[in-house]
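Chemist: Quick one: this structure, given as structure tokens, is what I'll be asking you about.
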Amino acid sequence: MRVKIDKQLFTIYPEIRLGLLRFQANVKESDDAFWVYMNNNILPKVRNTIEGKEWSEIPGIRGSRAVYKAFGRNPGKYRVSSEALIRRVRRGDELYHVNSVVDVNNLISVESGLSVGSYDLANIHGAITLRKAENGEGYTGIGKGFLDMENLLVLADDEGIFGSSMSDSVRAMVTQDTKDILVVVYCFENDIDLPALLDDAKKAFREFADGHNIESWIV
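By the numbering used here, the letter at position 112 of the sequence shown is numbered 106, and the numbering carries on one by one without gaps.
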């Protein structure tokens, strides 16, 4: 599988990396045992980590906001997905229970502060490129209607754009029919230990999402 970053992006913002996982899984409904672990172990730790911090001071969110500004989008109006999740955590709101893969996806995101997207490879065709969306480009977001993606960094295949650090498309979303999965960690800070994060992500997908044949790499 070929995933690349458009080299022109680095002239505007040099700190761009993608952490990638590909694996197979039998996607299931949200698991009660997972949510006990999430609510008792992960979310209290996240609340403690972010206590008293401005959003621009939180690792992961800091770089994502910076890259939005560098490419001309307002991070206060178009929130990065990890910030949206962590805002719910800070307020004490319940996180969405989606399915076994997306729930782990969101665990990784709230722990790291990085946006994470999970995609059904059966609905992605050809090589994948991270590039800047052009005027008029957008897609139907999950639960959000049409999203204008102009000037955001987006994932694109032969059929067009399908994912970003803000919100992902209905076309490539993971459902209980999904078998072959690509996970993308959007990283816009060089001081984040992305290899270690991917190792932790592999363990979480194995334990909580029955992930197997897991490959990982960084571009």
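Glycine residues also receive a C-beta, built at the ideal position from the N, C-alpha and C atoms.
I'd like to check one pair, Val179 with Gly70: are the Cβ atoms closer than 9 Å?
Modeler: Here residue 70 refers to the residue found at position 76 of the sequence shown. Here residue 179 refers to the residue found at position 185 of the sequence shown. Against a cut-off of 9 Å, the Cβ pair of Val179 and Gly70 comes out as no contact.
Chemist: Would the stretch 184 to 197 and the stretch 98 to 115 be scored as touching if the rule is three or more Cβ pairs under 8 Å?
Modeler: Taking 8 Å as the limit for Cβ pairs, the verdict is that the stretch 98 to 115 does touch the stretch 184 to 197.
Chemist: Could you have a look at Glu105 and say whether DSSP puts it in helix, strand or coil?
Modeler: The count along the sequence shown starts at 1 and reaches residue 105 at position 111. Note: Glu105 maps to helix in three-state DSSP.
Chemist: Starting from the Cα of Ala150, find the closest Cα among Asp162, Thr123 and Val164 and give me that residue.
Modeler: Counting from one through the sequence shown, the residue named residue 150 turns up at place 156. When each option's Cα is compared against that of Ala150, the closest is Thr123.
Chemist: Exposed or buried, Gly130, counting other C-beta atoms within 10 Å across all chains shown (16 or more means buried)?
Modeler: For the purposes of this step, residue 130 is identified with residue 136 of the sequence shown, where counting begins at 1. Answer is exposed; the Cβ neighbour count stays below 16.
Chemist: In terms of residue numbering, what span does the beta strand (DSSP E) encompassing Tyr180 cover?
Modeler: Within the sequence shown, the letter at position 186 stands for residue 180. Tyr180 -> beta strand (DSSP E) spans Asp174 to Cys181.
Chemist: Just to check my reading of the structure: Asp162 and Ile136 have Cβ atoms closer than 8 Å, yes? What is that Cβ distance to the nearest angstrom?
Modeler: For the purposes of this step, residue 162 is taken as residue 168 along the sequence shown, with counting starting at 1. For the purposes of this step, residue 136 is taken as residue 142 along the sequence shown, with counting starting at 1. Indeed they touch by this definition, with Cβ atoms about 6 Å apart.
Chemist: Across which residues does DSSP place His206 in a beta bridge pair?
Modeler: Translated into the one-based positions of the sequence shown, residue 206 becomes position 212. Per DSSP, Gln18.
Chemist: I'd like the span of the beta strand (DSSP E) that includes Thr134, first residue to last.
Modeler: Residue 134 sits at position 140 when you count from the first residue of the sequence shown. Residues Gly132 to Gly135.
Chemist: Check Ile212 in the structure and name its three-state DSSP category.
Modeler: Mapped onto the sequence shown, residue 212 falls at position 218. Of the three classes helix, strand and coil, the one that applies to Ile212 here is strand, per DSSP.
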